[in-house]
Amino acid sequence: MKVNVHFSPLHSDELYFTAKTTVVIDVLRATTTVLAALHNGAKEVIPVNSVEFAMKVSVNSFGGQTLLGGERNTKKIEGFQLGNSPLEYSKEAVSGKSIILFTTNGSKAIVKAKFSETLLLCSFLNVKSVAAYLANLNKDIEILCAGKTGSFCIEDTICAGRLITELKNLKGEELELTDSSKASVILDNAYGNDLQKVLSECEHGKLLIENGFQEDVNYCAQVSVMDLLPSFNNGTVKPLKIP
Ligand code: MLT
Numbered sequence: 001m002k003v004n005v006h007f008s009p010l011h012s013d014e015l016y017f018t019a020k021t022t023v024v025i026d027v028l029r030a031t032t033t034v035l036a037a038l039h040n041g042a043k044e045v046i047p048v049n050s051v052e053f054a055m056k057v058s059v060n061s062f063g064g065q066t067l068l069g070g071e072r073n074t075k076k077i078e079g080f081q082l083g084n085s086p087l088e089y090s091k092e093a094v095s096g097k098s099i100i101l102f103t104t105n106g107s108k109a110i111v112k113a114k115f116s117e118t119l120l121l122c123s124f125l126n127v128k129s130v131a132a133y134l135a136n137l138n139k140d141i142e143i144l145c146a147g148k149t150g151s152f153c154i155e156d157t158i159c160a161g162r163l164i165t166e167l168k169n170l171k172g173e174e175l176e177l178t179d180s181s182k183a184s185v186i187l188d189n190a191y192g193n194d195l196q197k198v199l200s201e202c203e204h205g206k207l208l209i210e211n212g213f214q215e216d217v218n219y220c221a222q223v224s225v226m227d228l229l230p231s232f233n234n235g236t237v238k239p240l241k242i243p
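In my numbering, the protein residues as written are 1 to 243.
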């Protein structure tokens, strides 16, 4: 069982992921926000890779039951009902709703991996559950970090390292790690013991705090507090039902 990490979506094209088992990670904040939405009863999240496409999808949806969510430069987009703060995605706001989500890096990374056979979303909130599911699936895994505008970001890589360590605990020597996987584990071992600090001091964490989102950063630093497995299928993300 081979595990490979992509530090950003820039160096692979859509077809690379065809028929693969892929996990997309955007700790700050997109995959954490999707988890919050599904946890609070959203019917589905529809990730899109442009604001224009978000508008197009929303025009064709039922008013009231569909919300536009997302951000540009961390802030809510004009005309959208929700930003990309997981704390906005409360039961009252999202229960029973379909959410069309556009974000700078995260939603685009999910769309990029759309040809995967299995495509799961992961953040620190559900890292243990994702590992348990993948260990049972027993297939090679591609971990796609959303990164920051085509570049490496430390928080997604540490989360990838955490996922690999959880997998290693379950699969032992069966797990074959690429160089990028080994580097992710080393980073998690070096810095992952104080996630609050890492997430507050990384580049994107600092920007979020400057823009008033300290509470989001704290929320995103919670580890394995949800059993949810958000799974992308036919254009929408829903919780995977495990028989
Ligand atoms: C992204 O997709 O780049 C992020 O989720 C940005 C953010 O809202 O913090």
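Built from N, CA and C at the ideal position, the CB exists for glycine as well. Keep in mind it's a predicted model, so treat the numbers as computed, not measured.
- Not one heavy atom of the ligand MLT sits closer than 7 Å to the Cβ of N49.
- Taking 7 Å as the cut-off, one finds no heavy atom of the ligand MLT near enough to the beta carbon of T157.
- Setting aside the 5 residues that flank it on each side, G106 is surrounded in the same chain by D26, A30, T31 and A146, each with a C-beta closer than 7 Å to its C-beta; the list follows chain order.
- Note on geometry: alpha-carbon atoms of C122 and P230 lie some 8 Å from one another.
- The stretch 180–193 and the stretch 155–169 touch, with three or more beta-carbon pairs separated by less than 8 Å.
- No Cβ-Cβ contact shorter than 8 Å links I143 with H39.
- In terms of Cα proximity to A19, the closest of E92, N138, G96 and E117 is E117.
- N234 carries a coil assignment under DSSP once its states are collapsed to helix, strand and coil.
- Relative to the ligand MLT, even the nearest heavy atom lies 7 Å or more away from the CB of A54.
- Counting C-beta pairs with one atom in each stretch, the stretch 212–222 and the stretch 166–174 have fewer than three that are closer than 8 Å, which means they do not touch.
- Between the alpha carbons of A221 and G205 lies a distance of about 11 Å.
- In this structure, E14 lies near K114, with their beta-carbon atoms less than 8 Å apart.
- A residue is called buried once 16 or more other Cβ atoms fall within 10 Å of its Cβ, and D140, having fewer, is exposed.
- A contact between stretches requires three or more CB pairs, one per stretch, nearer than 8 Å, and the stretch 59–72 fails this requirement with the stretch 194–203.
- For H11, the distance from the CB to the nearest heavy atom of the ligand MLT is not below 7 Å.
- In summary, S151 is exposed, with fewer than 16 beta-carbon neighbours lying within 10 Å of its beta-carbon over all protein chains present.
- Around K241, the same chain offers no residue with a beta carbon nearer than 6 Å, after the five sequence neighbours per side are excluded.
- Non-local beta-carbon contacts of K97 in its own chain, meaning distances under 8 Å to residues more than five positions away in sequence, involve A42, K43, Q65, T66 and L67 in chain order.
- In the three-state reduction of the DSSP assignment, V24 falls in the strand class.
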